[in-house]
Every structure is written in C-alpha cells, then in structure tokens.
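Each remark here refers to the structure printed beneath this line.
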Amino acid sequence: MIKVNLNLCSGCKRCMLACSFYKTGGFNPRYSSIEIVTDIGNKPVAYRSRFCMTCTDFYCLDFCKLSALEVSS
1 MIKVNLNLCS GCKRCMLACS FYKTGGFNPR YSSIEIVTDI GNKPVAYRSR
51 FCMTCTDFYC LDFCKLSALE VSS
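Below, the structure is given as structure tokens:
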C-alpha cells in the first residue's frame, strides 16, 4: 500500500496520472488507485488509497518529484 506524506506533497497529482496510465494505458485520474484530495488553493489535505495492495510495481513512486510517496505494509 502507498502512504503519502502530505507535508511533502505539492498536490500535483502526477502519482494519480502515473497509476492510471500503468493500469489502463491512459491518463485518467478516475482510474487511479491513489487519490490526492486538495482544497481550493490546491493544497493537499488528504489521500485515499484503493487497491494499492494488489500493485507490485509501485510505478507511481518514480513520478513523485518530491519523494512524498512511500510503500507501507
């Protein structure tokens, strides 16, 4: 499962796009297993992780430029 450090996260949602591309071959955050929730100012306030437990490649980690993602058990 992926854990997001919201103190490091910029809210860019690159991880969501990477996940959706890995799963479907297209860029659509709707199909991402990770969701970054932002407020009106695009500040990350929460994250939801769905189905990350079935992922073994953690493709999204390579796309987080701020190292805000980590694999947790």
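Quick note on UniProt numbering: the sequence shown kicks off at 1 and runs consecutively. For each residue, glycine too, the CB sits at the ideal point set by N, CA and C. The structure presented is a predicted model; accordingly, all values stated were derived computationally and were not measured.
Ranked by Cα distance from Asn-7, the first of Phe-63, Lys-43, Thr-54, Arg-50 is Lys-43. Assignment of beta strand (DSSP E) within the segment 19-43, counting only whole runs of 3 or more residues, yields 34-38 in chain order. In terms of Cβ geometry, Phe-27 and Ser-20 form a close pair [threshold 8 Å]. Straight-line measurement puts the Cα of Val-71 at about 13 Å from the Cα of Cys-64. If you draw a straight line from the Cα of Arg-30 to the Cα of Leu-61, it is about 18 Å long.
Excluding five sequence positions before and after Ala-46, the CB atoms of its chain that fall closer than 6 Å to its own CB belong to Val-37, given in chain order.
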